[in-house]
Every structure is written in structure tokens, then in C-alpha cells.
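Take a look at the structure set out below.
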Amino acid sequence: MMMRSALLALALAGALPAIAQDDLASQIAALQIDRLRPLDFTPFSDALGAFKPTPELDALIAGADIAAIQAAMADGRLSAETLTLWHLTRVQRLDDRLRGMLEINPAALAEAKAADARRAAGRSLGPLDGIPITLKDNIGTAGPMHTTANAEVLLDNVAPADAPLVANLRAAGAVIIGKASLSEFAGAIAAGFPSGGSGAVGGQGINPLGPYPTYGSSSGSAISVSAGYAVASIGTETSGSLIAPSAVMGLVAMKPSAGLVRGEGVVPLVLGNDGAGPIARSVRDAALLLAAIDETDTDYASGLSIGALDGVKVGILTAGIHEAGDYSQMLQRAGAALAMLGAEMHPVMLQDGSGTLDAFIAYLSSGLRYDMMPYVTARHPELVSPEDLIAYNAADPARRAPFGQGLITLIAPMSKDFTPEDHKEIGADMRAAATGALDAAFAAKGAEVLVSIANLQAPFYATAGYPAITVPTGRRDDDEPAGITLIGKKGQDAQLLAFAYAFEQMTRGHIAAELP
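If you want it as C-alpha cells, here you go:
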């Protein structure tokens, strides 16, 4: 089981062995492929041809948060149309190299103009009205955009309707720039080496911050925010897929409590774990996005306060920290910042980490069979099992599986004799074990929040359905960007956002990409 645990950790996190940065960059470049569907800017060709970014406009937009952008639109310094054109020019100029996008929304400029018309008529829809965002391309959108999960088998797939979370974003006035790339089928196919974030439709994603991994599977969403293709993005996570890529790109990302955001219309991986959440440059922007896509009408941003951690007991999770010496130093620095905010720190442990991870392998395998494959079968009736998909890809590997099928080939046989009832039972057992471990960690010292590094504890919080958020905290010893992850109690998403905001205001760890 240890070998499978190590491989699963590698694949889900997009993690990789120690590789010199120059070697990583060269290996990624060697693996790059042609897009199966080139990005199409022809709906905006005249507008883009006439648009000339200026240093003043760059200063107004680059890295700006939602509040600053809304203020600029309110006083007439900026329009949603200009804002959208600025972001589209970034995609057009940079994405042949970065591969963060799979498709451009042909209606993006029309959506921006509609936002400007609402503002002119005094009917603005709120803080997201006119704000450009991207969507991970396993999130269903009505045509003409496709929903591919970065898989060749879904290249021509068009969802019958917007996923509910997309409908919520449109109701809030967000401008959909397009569909962001991802690890194929949210990380179910290739083994993740050398970087994560690869798929047959769009190729290998590149970290805008430098020669670092992208991890996955919401790599394209993170790339799109880091590179300035959009102000924010919506990604998804089964286990670490929001947190890992955002941490390595100096961003904020949150996996909300299970059930807070409706999951219908999203290409599934493991339904019991899957969940959508925001990726942004700041906690406040993440709070605004969550308020738009959840089903509770909660104003998360109103509760953000730098004093939120004063007197709060914080559990510092040390499991897995020995695997990288600088992780321990990062936690120490985080602890110092938390202490300055008035928090009370206590080291705590999670129980049976290896057992939980080993069980997750079986759960992922049965999820491929009984959650993911029915989505594929509905569009390709001849493809019923993971083995059918493996054979389909193997018939034309250069086009259909250019990054290999290392993970699905390894884990699919594990569930061959499982029934749907077995899958449900494995999921229930996993949730009970993960919930028990987290509850024990919270209770050990009366903690209100647990703190760890990146996605080290993803099999616990994601499986239990507890909320987690990563906040950028600078760089590791090898210069790779990293984040501190806060884990909250289930249903306490507003409180967790408040804690994360306080930590963010003290550390200010966001890293801006320096792109030509």
C-alpha cells in the first residue's frame, strides 16, 4: 500500500520529486503539444485590433481587486468593455506559452457591454457585475462553449445548460472570459509528472511565476488569475485540486463546506468529494465569489476583520512536515504571524494519515467507475468502463493520451469487482474516518481552526467536507511559492474566511507574476 500511497499523493497534488528548476522547465517544454482546438479571438478581432493598452490602464487594472475595479467603473475611469478587452489581450499575447485556457467565450465582449449598460441605467447587479472571470473546463456551460475536462473524448461536448453555479455567476453580472485548462478529467488520467496540469485538449499548463510546477487539477484557473487573464476564477477540487495550484502561484483558493455550492453540471470525478470554489488574488475577492456561487445569500465579505483571530485557539498540524524541512520553518513563520494577531497556538495531530490515503485510492478507483464514467457513457454509449476509456485513448495515444495514462491504468483495476453499493460504502467509511480525525484534532485543544501547508491534509478536509482555504505566505527554500492552509469546521465558512483575511492582512504574501 505504501507504493500506491506515494503515487496517489504525487498524482493528486501534482507533486513531484526534487527536480532542478531548469530541468523542470526543459521537460515541460519537451512535452508541449499542439492544441486540439485553437483559441478563437475572431469574435473580437475588430475591437482587439483597435484596443491599445496604455501604462495608465495597466496601472489601473493589473493586480487590482474587485473593490478597486468597481470603484474605477463607478467614477468613469474604467468600463467593463475596456476591462474585458484588457484581459483578452493578455490571453491572446501570453497563452500560447502558458496554456491556461481551453476556449474563449465568444460572447465575452457582449456580456461586458451589457454590464456597462446596466451601470449607465443605474441597475448594476452588485460587486461582480462586469468583472471578468474564468471557469475550469469541467464546469458545464451552455453552448456555444464546450465542456471538455481537457479530454479528447469530450472535445465536442456541449452541456445542455449552464451548471447552477454558472447561472448564479451570470445572475451576478460576471463576464465569462472563457474556460480554463485543467489536469485531464480533474487528474484521473496521467500520473502528474513532471508538473501536473496537463491534458489532451490544451497541452501542459505553465506556472506564470517561473520554472515551478503548476500542480492540479485546477491549474488553468490559477494560471488565468496569476497571468491576468481574469480577475478571479472558479475551480473544483476532489482532493487538493483548488489548494495546490493556487498555493504554488501565490493565490488564495477555497474549497467550501460540502453542499454549500451546488455540484450539478460539473464533470464528476468522485461525487462525494467533488466541490467548486473560488480562486482569487485576495481573501476578500474569494469571499465575494463564494457569495455569488453558493446557495445561502451570505455576505461573507462583511464579516472580514483583521481582529478575527484575537483570542482564537489555533491547532497547528505537524503531520507530513518532516518530509520537507522548510515546511517546518513556514509553519513557524505562520505561527509568529498568528501570535501577533492574538491567536493561541497548539500543536495537534491527525490520526491514521496513511490509512486514510490508502482508502482514498480505492474510493478514487470506484469513483472513476461509478461517478466519472457515466458522464462519458452518456456522450459515448460504447465507453462504459474505465477500461473502455483506456482502450479508446490507447487507439490514438498521440492525440488522445499525449501525457500517458499512468494513473488510470494503475488504479482502475482496483475497483473492477466493486459494485455501486461498494462505492457508496467506501465513501461513507472514508467520510466517517476523515470527520473523526478532524473532529479529534479540533477537540484536542479546543481549536477553532487548524493550520497546515498547501494540500498536505487534503484527503481529510476534502473527504470530510470541511472548508479549507490557502493564503499565500511567500516562498520555500528553493524559491517555489507556497501557501498556508486553514481548515475550518463544517459549515463555518464565514468564520474561516474571516480568519484567513486576518492572516492575509498580517503576512501580505501574494506574489505578482512578472510577464513580458
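According to mature numbering (1 follows the signal peptide of the UniProt record, and there is no 0), the sequence shown holds residues -20 to -1, 1 to 496 in order. Where a beta carbon is used, it is the ideal one built from N, C-alpha and C, also for glycine. All values derive from a computational prediction rather than experimental measurement.
Can you find the residues in the same chain that come closer than 6 Å, C-beta to C-beta, to residue i, ignoring five residues on each side of it along the sequence?
| i | result |
| --- | --- |
| arginine 15 | Gly182 |
| phenylalanine 151 | Per the sequence shown, residue 151 should be read as alanine rather than phenylalanine. Hits under 6 Å: none found. |
| proline -4 | Note that proline -4 scores a pLDDT of 34, beneath 50, so its modelled location is shaky and nothing firm can be said. |
| leucine 108 | Ala152, Gly153, Ala154 and Ala272 |
| arginine 359 | Asn137 |
| arginine 488 | none |
| aspartate 457 | Asp306 |
| isoleucine 41 | Trp66 |
| alanine 438 | Ser219 and Gly220 |
| alanine 141 | Ala122 |
| glutamate 484 | Val263 and Val451 |
| aspartate 290 | Gly322 |
| lysine 116 | Ala160, Leu162, Ser198, Ser201, Gly215 and Thr216 |
| asparagine 148 | Ala272 and Ile273 |
Assuming residue i and residue j make a contact with CB atoms under 8 Å, what is their CB distance in whole Å?
| i | j | result |
| --- | --- | --- |
| serine 395 | alanine 342 | 7 Å |
| residue 568 | leucine 222 | The displayed coordinates of the chain run from -20 to 496. Any statement about residue 568 would go beyond what the structure contains. |
| methionine 325 | valine 294 | 5 Å |
| alanine 392 | isoleucine 370 | 7 Å |
| isoleucine 157 | threonine 216 | Actually they do not touch by this definition, with Cβ atoms about 17 Å apart. |
| asparagine 130 | leucine 162 | 5 Å |
| proline 400 | tyrosine 350 | 5 Å |
| phenylalanine 440 | alanine 417 | 6 Å |
| glycine 80 | valine 246 | Not confirmed; about 19 Å, so no contact. |
| glycine 196 | alanine 224 | 7 Å |
| glycine 255 | lysine 235 | 6 Å |
| glycine 468 | valine 429 | 6 Å |
| threonine 336 | alanine 414 | 6 Å |
| isoleucine 203 | leucine 311 | Actually they are not in contact, since the Cβ atoms of isoleucine 203 and leucine 311 sit about 27 Å apart, beyond 8 Å. |
| valine 241 | aspartate 274 | 5 Å |
| leucine 78 | glycine 185 | 7 Å |
Taking the alpha helix (DSSP H) that residue i belongs to, which residues open and close that run?
| i | result |
| --- | --- |
| isoleucine 467 | Not the alpha helix (DSSP H): isoleucine 467 falls in the beta strand (DSSP E), residues 461 to 467. |
| threonine 389 | 386 to 391 |
| histidine 67 | 60 to 78 |
| isoleucine 203 | 199 to 206 |
| proline 258 | Premise fails: proline 258 lies in the beta strand (DSSP E), 255 to 260, not in any alpha helix (DSSP H). |
| alanine 233 | Here alanine 233 belongs to no alpha helix (DSSP H); instead the beta strand (DSSP E) covers 232 to 235. |
| serine 25 | 25 to 30 |
| glutamate 91 | 88 to 100 |
| glutamine 50 | 46 to 54 |
| methionine 486 | 473 to 487 |
| asparagine 130 | Element bounds for asparagine 130: n/a, residue is neither H nor E. |
| alanine 42 | Where alanine 42 is concerned, there is no enclosing alpha helix (DSSP H), given that its DSSP letter is neither H nor E. |
| aspartate 265 | 263 to 273 |
| proline 18 | No alpha helix (DSSP H) holds proline 18; DSSP gives it neither H nor E. |
| alanine 442 | 438 to 444 |
| asparagine 373 | 366 to 374 |
For residue i, collect the residues of the same chain with a Cβ closer than 7 Å to its Cβ; drop the 5 residues on either side in sequence, then sort them by chain order.
| i | result |
| --- | --- |
| alanine -10 | Because alanine -10 carries a pLDDT of 38, less than 50, the predicted location of this residue cannot be relied on, and no value is offered for it. |
| alanine 492 | Gly43 |
| serine 237 | Gly445, Tyr446, Pro447, Lys470, Gly471 and Asp473 |
| leucine 74 | Ala207 and Leu495 |
| valine 205 | Ala212, Ser213, Leu231, Ile259, Ala260 and Arg261 |
| methionine 486 | Ala317, Met320 and Leu321 |
| leucine 249 | Phe165, Ala166, Ala168, Thr218, Gly347, Asp351 and Met352 |
| glycine 315 | Ile296 and Met325 |
| alanine 139 | Gly120, Thr121, Ala122, Thr127 and Gly245 |
| glycine 426 | Lys293 |
| proline 124 | Pro86 |
| methionine 53 | Ser59, Ala60, Arg99 and Gly110 |
| proline 327 | Ile296 and Thr298 |
| proline 33 | Trp66 and Thr69 |
| proline 366 | Leu348, Arg349, Met353, Ile388 and Ala392 |
Need the endpoints of the beta strand (DSSP E) that residue i sits in, please.
| i | result |
| --- | --- |
| leucine 430 | 429 to 433 |
| isoleucine 214 | 212 to 217 |
| lysine 425 | Here lysine 425 belongs to no beta strand (DSSP E), and DSSP marks it neither H nor E. |
| glutamate 83 | 81 to 84 |
| isoleucine 113 | 112 to 116 |
| leucine 297 | 293 to 297 |
| isoleucine 449 | 448 to 455 |
So, at 8 Å on beta carbons, what are the nonlocal neighbours of residue i in its own chain, with the 5 sequence-adjacent residues on each side left out?
| i | result |
| --- | --- |
| proline 461 | Leu189, Tyr192, Ala227, Val228, Met229, Gly230, Pro452, Gly454, Arg455 and Ile491 |
| residue 510 | Since the first residue of the chain shown is -20 and the last is 496, residue 510 is not available in this structure. |
| leucine 363 | Val133, Met353, Val356, Thr357, Leu369 and Tyr372 |
| isoleucine 286 | Leu321, Tyr481, Ala482, Gln485 and Met486 |
Inset, instruction - Would you list, in sequence order, the uninterrupted beta strand (DSSP E) runs of no fewer than 3 residues that lie entirely inside the region 141 to 186? - result: 155 to 160
Inset, instruction - Spell out a yes or no on whether the region 475 to 493 and the region 446 to 463 are touching, meaning 3 or more CB-CB pairs, one atom from each, closer than 8 Å. - result: yes
Legend entry - Given 8 Å, three or more beta-carbon pairs between the region 23 to 37 and the region 59 to 75: yes
Inset, instruction - Could you tell me whether the region 133 to 141 touches the region 55 to 64, using the rule of 3 or more Cβ pairs below 8 Å? - result: no
Inset, instruction - Give, in chain order, every unbroken run of the beta strand (DSSP E) that is at least 3 residues long and sits entirely within the region 316 to 352. - result: 324 to 328
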